[in-house]
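Engineer: Everything in the sequence shown is counted per UniProt numbering, starting at 4 for the first residue and increasing by one.
Cβ coordinates follow ideal geometry from the N, Cα and C atoms, glycine included.
None of these values were measured; they are calculated from a predicted model.
Okay, handing you the structure first.
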Amino acid sequence: PAYETLLTRTDGPVGIIQLNRPKQLNALNDQLMDELSAALRAFDTDEAIACIVLTGNDKAFAAGADIAAMARYTFADVYRSEYITRNWEALRHVRKPVIAAVAGYALGGGCEVAMMCDLIIAADNARFGQPEVKIGVIPGAGGTQRLPRAIGKAKAMDMVLTGRMMDAAEAERAGLVSRVVPTDKLMEEALAVAHAIAAQPRLAVLAAKEALNRAFEAPLAEGLQFERRMFHAMFATQDQKEGMAAFLEKRPARFEGR
Ligand code: HXC
4 PAYETLLTRT
14 DGPVGIIQLN
24 RPKQLNALND
34 QLMDELSAAL
44 RAFDTDEAIA
54 CIVLTGNDKA
64 FAAGADIAAM
74 ARYTFADVYR
84 SEYITRNWEA
94 LRHVRKPVIA
104 AVAGYALGGG
114 CEVAMMCDLI
124 IAADNARFGQ
134 PEVKIGVIPG
144 AGGTQRLPRA
154 IGKAKAMDMV
164 LTGRMMDAAE
174 AERAGLVSRV
184 VPTDKLMEEA
194 LAVAHAIAAQ
204 PRLAVLAAKE
214 ALNRAFEAPL
224 AEGLQFERRM
234 FHAMFATQDQ
244 KEGMAAFLEK
254 RPARFEGR
């Protein structure tokens, strides 16, 4: 499908989605979030795709929800119709790994979208922030929940209450991003990680993502129980037999995704 606010392409088993409203620094409006949901669903259900990369451009991953679209809404508008917030849950339902490749601004909803991805790779020019308080609102898509889980209460309070930005080096020290690379190497690095994930047995990758996400949703005992059951379930897969046999026979494994 052709999208107006996104560009999509594939690189072998990797689906790439580029946010594409460059004049507005990829401000996230309802149309973009609708299209993002559709594009994610399309890659998630495509058997040929094993991993997804979500990115923006060198200046902005996304500078937040579209302030021009939001400015005139009343409480009644947003509460009744879920303007702005509707369709922000799509990333949560993607079962394949999603990598955020972030250069430039990832602010407000842009930072929240990046945090909904499974991991963030940052360019050295990346700037993260939850500046909503400066325009009279608060984060609305997980900023007050995922940011403290990622970087701890002290730094999250500092970011959310002052609205200040964090550069890539601080984001890496704080644990918000997994790697920082030169800006012109961002896509190369993100694709290398995506291909490394795509080369792993598919079922093990799906199960590992699902189990890891339990760490943020469930009490420890329940998460550990879920992990153990998923670990046991892997012994029902062909790729477990192949992976362990290949190791013992000192040869490369040939995984089939079943
Ligand atoms: C709409 C935006 C925008 C946004 C930038 N633009 N951010 N439009 N919504 N969030 C537009 C500008 O109006 C401008 O349009 C053009 O993009 C370029 O931006 P400039 O401000 O001229 O660029 P610069 O001076 O380089 O400053 C970059 C910036 C600044 C620091 C990122 O744009 C900025 O502070 N943006 C807002 C960041 C923000 O508050 N985000 C949180 C939004 S609330 P024109 O037409 O003038 O060229 C939110 C809630 C999430 O995200 C809730 C989720 C459910």
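Checking contacts by CB at 8 angstroms: is Ala207 closer than that to chain B?
Structural biologist: Protein chains in the displayed structure number just one, and chain B is not present.
Engineer: Rounded C-beta distance between Ala65 and Val136? I'm assuming under 8 angstroms.
Structural biologist: The residue you call residue 65 lines up with position 62 of the sequence shown. The residue you call residue 136 lines up with position 133 of the sequence shown. Ala65 to Val136, Cβ: 18 angstroms. No contact.
Engineer: If you measure from the CB of Thr186, is any heavy atom of ligand 1 nearer than 7 angstroms?
Structural biologist: For the purposes of this step, residue 186 is taken as residue 183 along the sequence shown, with counting starting at 1. Answer for Thr186: no, Cβ out of range of ligand 1.
Engineer: According to DSSP, is Ala153 helix, strand or coil?
Structural biologist: Counted from its first residue, the sequence shown places residue 153 at position 150. Three-state DSSP puts Ala153 in a helix.
Engineer: For Asp170, which three-state DSSP category applies?
Structural biologist: For the purposes of this step, residue 170 is taken as residue 167 along the sequence shown, with counting starting at 1. Asp170: strand per DSSP, three-state reduction.
Engineer: Per DSSP, which one or two residues make a beta bridge with Asp14?
Structural biologist: By 1-based counting over the sequence shown, the position of residue 14 is 11. Paired residues: Val17.
Engineer: Compute the Euclidean distance between the alpha carbons of Ala53 and Ala211, then round it to the nearest angstrom.
Structural biologist: Position 50 of the sequence shown, counting from 1, holds the residue named residue 53. Position 208 of the sequence shown, counting from 1, holds the residue named residue 211. So the two alpha carbons sit approximately 14 angstroms from each other.
Engineer: Determine the burial state of Arg231: buried for a count of at least 16 other Cβ atoms within 10 Å of its Cβ, exposed for fewer.
Structural biologist: Taking the first residue of the sequence shown as 1, we reach residue 231 at position 228. By the 10 Å Cβ count, Arg231 comes out exposed.
Engineer: Looking at C-alpha atoms only, which residue of Ala68, Ala157 and Arg75 is the closest neighbour of Gly143?
Structural biologist: By one-based count along the sequence shown, residue 143 stands at place 140. Residue Ala68 is the option with its Cα nearest to Gly143.
Engineer: Could you tell me if Tyr108 is buried or exposed, where buried requires 16 or more neighbouring beta carbons within 10 angstroms of its beta carbon?
Structural biologist: Numbered from its first residue, the sequence shown carries residue 108 at position 105. Tyr108 should be labelled buried.
Engineer: For Asp242, is the classification buried or exposed, using 16 other Cβ atoms within 10 angstroms of its Cβ as the cut-off for buried?
Structural biologist: Against the sequence shown, residue 242 aligns to sequence position 239. Buried, by the Cβ-count rule.
Engineer: If we call anything under 8 angstroms between Cβ atoms a contact, is Leu94 one with Cys120?
Structural biologist: On the sequence shown, residue 94 is found 91 positions in, with the first residue counted as 1. On the sequence shown, residue 120 is found 117 positions in, with the first residue counted as 1. Cβ distance < 8 angstroms, so Leu94 and Cys120 count as in contact.
Engineer: Just checking Ala66 against ligand 1 - is the residue's beta carbon closer than 7 angstroms to any of the ligand's heavy atoms?
Structural biologist: Counting from 1 along the sequence shown, the entry for residue 66 is found at position 63. At least one heavy atom of ligand 1 is nearer than 7 angstroms to the Cβ of Ala66, so yes.
Engineer: So is the beta-carbon of Thr88 under 7 angstroms away from any non-hydrogen atom of ligand 1?
Structural biologist: In the sequence shown, the residue the question calls residue 88 occupies position 85. Checking every heavy atom of ligand 1 against the Cβ of Thr88, one is found closer than 7 angstroms.
Engineer: Give me, in chain order, the residues of the same chain whose beta-carbon lies closer than 6 angstroms to that of Thr240; leave out the 5 immediate sequence neighbours on both sides.
Structural biologist: Walking along the sequence shown from the start, residue 240 turns up at place 237. So the list reads Leu206, once near-sequence residues are dropped.
Engineer: My parser needs the beta strand (DSSP E) runs of 3 or more residues fully inside the stretch 154 to 227; what are they?
Structural biologist: With a minimum length of 3 residues, the continuous beta strand (DSSP E) runs that stay inside the stretch 154 to 227 are 168 to 170 and 182 to 184.
Engineer: Where Phe229 and Val140 are concerned, what is the direct C-alpha to C-alpha distance, given to the nearest angstrom?
Structural biologist: Position 226 of the sequence shown, counting from 1, holds the residue named residue 229. Position 137 of the sequence shown, counting from 1, holds the residue named residue 140. So the alpha carbons of these two residues sit roughly 37 angstroms apart.
Engineer: Can the beta-carbon of Thr13 be found less than 8 angstroms from the beta-carbon of Glu38?
Structural biologist: On the sequence shown, position 10 is the one that residue 13 refers to. On the sequence shown, position 35 is the one that residue 38 refers to. No. Outside cutoff.
Engineer: Going by DSSP, what residues sit across from Ile123 in a beta bridge?
Structural biologist: Locating residue 123 in the sequence shown gives position 120, counting from the first residue. Ala103.
Engineer: Considering only C-alpha positions, which residue in the set Gly15, His235, Arg24 and Gln21 is nearest to Asp49?
Structural biologist: As a first step, residue 49 is located in the sequence shown; it is residue number 46 there, counting from the start. Checked all of Gly15, His235, Arg24 and Gln21; the closest Cα to Asp49 is Gly15.
Engineer: Any contact of the stretch 189 to 201 with the stretch 95 to 105, i.e. 3+ C-beta pairs under 8 angstroms?
Structural biologist: The stretch 189 to 201 vs the stretch 95 to 105: in contact.
Engineer: State the DSSP-derived secondary structure class of Val56, mapped to helix, strand or coil.
Structural biologist: If you number the sequence shown from 1, residue 56 lands on position 53. Reduced to three states, the DSSP call for Val56 is strand.
Engineer: Are Leu43 and Leu22 closer than 8 angstroms when you measure CB to CB?
Structural biologist: Residue 43 sits at position 40 when you count from the first residue of the sequence shown. Residue 22 sits at position 19 when you count from the first residue of the sequence shown. Against a cut-off of 8 angstroms, the Cβ pair of Leu22 and Leu43 comes out as no contact.
Engineer: Please list the terminal residues of the continuous alpha helix (DSSP H) segment that includes Gly246.
Structural biologist: Here residue 246 corresponds to residue number 243 of the sequence shown, with the count starting at 1. Gln241 to Leu251 is the span of the alpha helix (DSSP H), which, as asked, contains Gly246.
Engineer: Locate the alpha helix (DSSP H) running through Tyr82, then write down its first and last residues.
Structural biologist: Along the sequence shown, read from residue 1 onward, the residue named residue 82 stands at position 79. From DSSP, the alpha helix (DSSP H) with Tyr82 extends over Phe78 to Ser84.
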